[in-house]
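In the numbering used here, the protein residues as written are 9 to 749.
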């Protein structure tokens, strides 16, 4: 189906194995997509407005721009060959349909494989109904050699639960009856096998049959499969202890993974003490109702969505509201504790923790903004997460801050803080106009509530705006004022530290290079004293810039590389892009233009991933433009483009290694060969011309009467030989060859 349709949707009831089938298909097809296979899990996403940003994030993009997500995705996917797996679309059908319609229209190399309980109903969609696993006929006993998928799955999962279990003449008939009762649904079978630790097959069958008797009083209009799955889940619920049932229901408020500390904090109370939570969680893991994952030294847990939905049904409205409030309080405290610890040695751990907690953070903020009287707490939480938004989740931060500020418009210290955070995020996005729009209110509120720290932050953002627009004297004055406010209240941390090296850069550009170096070194010393790395990396970057302004290239390059190492360790994509930019300037200044061209390719790939550029800073934009022209003039257009494409093909780790000179220099990149010395075989040349004519691999295989896998292999060889990454580049190259002829 994916060979003839660009959108295939796997449909079926919950528990039929749609997700596993989609992942299996994606794995089998991974080599057919030059730009990869990407999985987007949507089960924990509740707000359709965040769908686009969720897909952006799943594609590995840390986009910092203020463009709408669909535009970001269209620009990214327009010339790529990739497979997008959208898993669990049923609660976001309209949003998924709208987004995929736009993407498929704009990106001809995109294929989408979706899983949903209902079709997306998009033009061109093909639907595959995922049915139950194969079963022996009712009333029959399987014989040796008979293969039935449901029985095979039961045997495998039963062996996991009870080592040594195997189908025998003595139990096969009972297993067959049980699988038939469960209609061959994989999830229902897995729930049943988990009980083998305490019951035998006949006992499971007897108890499940009793459950079916109870089910006859339910919704007779419901699908048989849905009733079967529900029966299996209800039966599993009854097999649980009272503690496990209570925790099953309470843990359903976690939309994503959670740790034991969170479970104890949110779920204890009203008959459950904190010490009992571990016992209950362990029991649910034992019964396969919770999935456990190790993350470093910490275990994390999650529920399958069908299991979670059933648990939510066991809560009354009041219980659910109380649990969601406790859930919000836990993550609010976690956010504020992380804010207090940010200027310290565990920054990488904090970033990774909140990356894992993103579904829970979203759920906590959603509670604040939808529950009456909680909007101000939403402002407080969104403001406390400024460090996470700026480093890892710029678009998410902008969205939640906009929502929170719109929900609570009354003057408050929380609003003042949220406004400066929003101004900082807007600057990261290059949206200086919005920064200038929100800063006046922020300054007024900071003065109204006598908050000199927030006033310093606001003045610093105003200074950064002036710096980006090359109004250096005004920028310097604003940073001096910000530092004065910090000194008045003894403020410490990353923002006062950042003000030091930004002021250093500005005074350096104004001619006071000695003070520029001194301010950056002061910043680095403050960071080293606490073990802090993120602000330190920016301090090193600005110190490198100060030396570059003096054309002192050796220390400049050393500082820039050290900054890049820290940025890479923290997975700070914006910081890595700026570090590569400054290394480009260094390479071009010393006339190492081939290296500069490769670095241009690396930088272009990094900026593409985050949707940004050097453009907000007018001086940097001009430097970069000048050096691009210099490299192209010296190397020639074809050689320069080949080097640039080499840089774009690097993985992130390879790109960083190249920028750091931690690997041997790659051999010089030559421009594409002239027609008389083409690097392609005769057959590859034929395939390249068909690619240029817009043919798919399937169409090429048919035209040349070769296997599709052979056509795919030819295309891969062409891309490798020519140093390209997309079919569009092959087409452009073929056109150039024809022109040369």
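Quick reminder that beta carbons are idealized off the backbone N, C-alpha and C, glycines included.
### Task
Provide the residue(s) that pair with residue 811 in DSSP beta bridges, ordered along the chain.
Because the chain is modelled from 9 through 749, residue 811 falls outside the range shown and cannot be assessed.
### Query
In whole angstroms, what is the alpha-carbon distance linking residue 628 and residue 261?
47 Å
### Message
Suppose you measure from the CA of residue 52 to the CA of residue 139; what does that come to, to the nearest Å?
### Response
24 Å
### Query
Nearest to residue 121 by alpha carbon, out of 55, 93 and 180?
Distances from the CA of residue 121 to each of 55, 93 and 180 were compared; the closest alpha carbon is that of 93.
### Query
What three-state label does DSSP hand residue 350 in the structure shown?
coil
### Query
What residue does the beta strand (DSSP E) around residue 54 start on, and which one ends it?
Unbroken run through residue 54: none, as it is neither H nor E.
### Task
Using the Cα positions of residue 385 and residue 450, report the straight-line distance between them to the nearest angstrom.
Residue 450 has its alpha-carbon roughly 18 Å from the corresponding atom of residue 385.
### Query
Is it true that the stretch 83-101 meets the stretch 635-644, where meeting means three or more beta-carbon pairs spaced less than 8 Å apart?
With the cut-off at 8 Å, the stretch 83-101 and the stretch 635-644 do not touch.
#### Entry: Three-way DSSP call (helix, strand, coil) for residue 248 in this model
coil
### Task
Please name the residue or residues paired with residue 307 in a DSSP beta bridge.
Residue 307 pairs with 302.
#### Entry: Length-filtered (4 minimum) alpha helix (DSSP H) runs lying within the stretch 340-427
355-364, 366-378, 383-392, 394-400 and 402-415
### Query
Rounded to a whole number of angstroms, what is the C-alpha to C-alpha distance between residue 270 and residue 703?
53 Å
#### Entry: Between the CA atoms of residue 522 and residue 420 - distance to the nearest angstrom
42 Å
### Message
Could you give the first and the last residue of the continuous beta strand (DSSP E) run that contains residue 91?
### Response
Its beta strand (DSSP E) spans residues 90-95.
### Burial state of residue 263 (16 or more Cβ within 10 Å)
So residue 263 ends up on the buried side.
#### Entry: residue 47 - DSSP class collapsed to helix/strand/coil
strand
#### Entry: For residue 696 and residue 362, the rounded distance between their alpha carbons
46 Å
### Query
Among the residues of its own chain, which have a CB less than 6 Å from the CB of residue 14, if the five just before and after it don't count?
112 and 119
### Task
Would you check if the distance between the CB atom of residue 340 and the CB atom of residue 372 is smaller than 9 Å?
yes
### Message
Spatial neighbours of residue 349 within its chain, please: C-beta separation below 7 Å, excluding the five flanking residues on both sides.
### Response
358
### Query
How big is the Cα-Cα spacing for residue 641 and residue 591?
Looking at the two C-alpha atoms, the distance is approximately 20 Å.
### Message
Taking only three categories from DSSP, how would you classify residue 266?
### Response
strand
### Message
Short of 8 Å in beta carbon distance, which residues of its chain neighbour residue 331, apart from the five on each side in sequence? Order them along the chain.
### Response
Here the set comprises 258, 261, 274, 275 and 323.
### Query
Is the beta carbon of residue 117 sitting closer than 9 Å to the one on residue 716?
At least 9 Å separates the beta-carbon of residue 117 from that of residue 716.
### Task
Within 10 angstroms of the Cβ of residue 512, are there 16 or more other Cβ atoms? Answer buried if so, exposed if not.
buried
### Query
If you draw a straight line from the C-alpha of residue 480 to the C-alpha of residue 474, how long is it?
7 Å
### Task
Starting from the C-beta of residue 185, find all residues in its chain whose C-beta is less than 8 Å away, skip the five residues before and the five after it, and write them out in chain order.
Within the same chain, residue 185 has close Cβ partners 213.
### Task
State the start and end residues of the unbroken alpha helix (DSSP H) segment that holds residue 558.
From DSSP, residue 558 is part of no alpha helix (DSSP H); its letter is neither H nor E.
### Message
Buried or exposed for residue 675, going by 16 or more other Cβ atoms inside 10 Å?
### Response
Residue confidence for residue 675 is low, a pLDDT of 39 falling below 50, so the modelled location carries little weight; the figure read from the coordinates is stated next. Counting Cβ neighbours within 10 Å, residue 675 comes out exposed, since fewer than 16 surround it.
### Query
Along the chain, which unbroken stretches of the alpha helix (DSSP H) at least 4 residues long are found entirely within the stretch 474-553?
Counting only runs of 4 or more, we get 480-497, 502-517 and 521-538.
### Task
Report buried or exposed for residue 661, applying the criterion of at least 16 other Cβ atoms within 10 angstroms of its Cβ.
exposed
### Task
Run the CB neighbour count on residue 65, radius 10 Å, all protein chains shown included, and call it buried at 16 or more, exposed below.
buried
### Query
So, residue 453 versus residue 493, is the Cβ gap smaller than 9 Å?
no
### According to DSSP, residues forming a beta bridge with residue 118
90
### Task
Take every Cβ of the stretch 603-620, pair it with every Cβ of the stretch 560-571, and state whether three or more of those distances are shorter than 8 Å.
no
### Task
Assuming residue 477 contacts residue 626 (C-beta within less than 8 Å), just tell me the rounded distance between them.
Between residue 477 and residue 626, the beta carbon gap of about 6 Å places them in contact (Cβ cut-off 8 Å).
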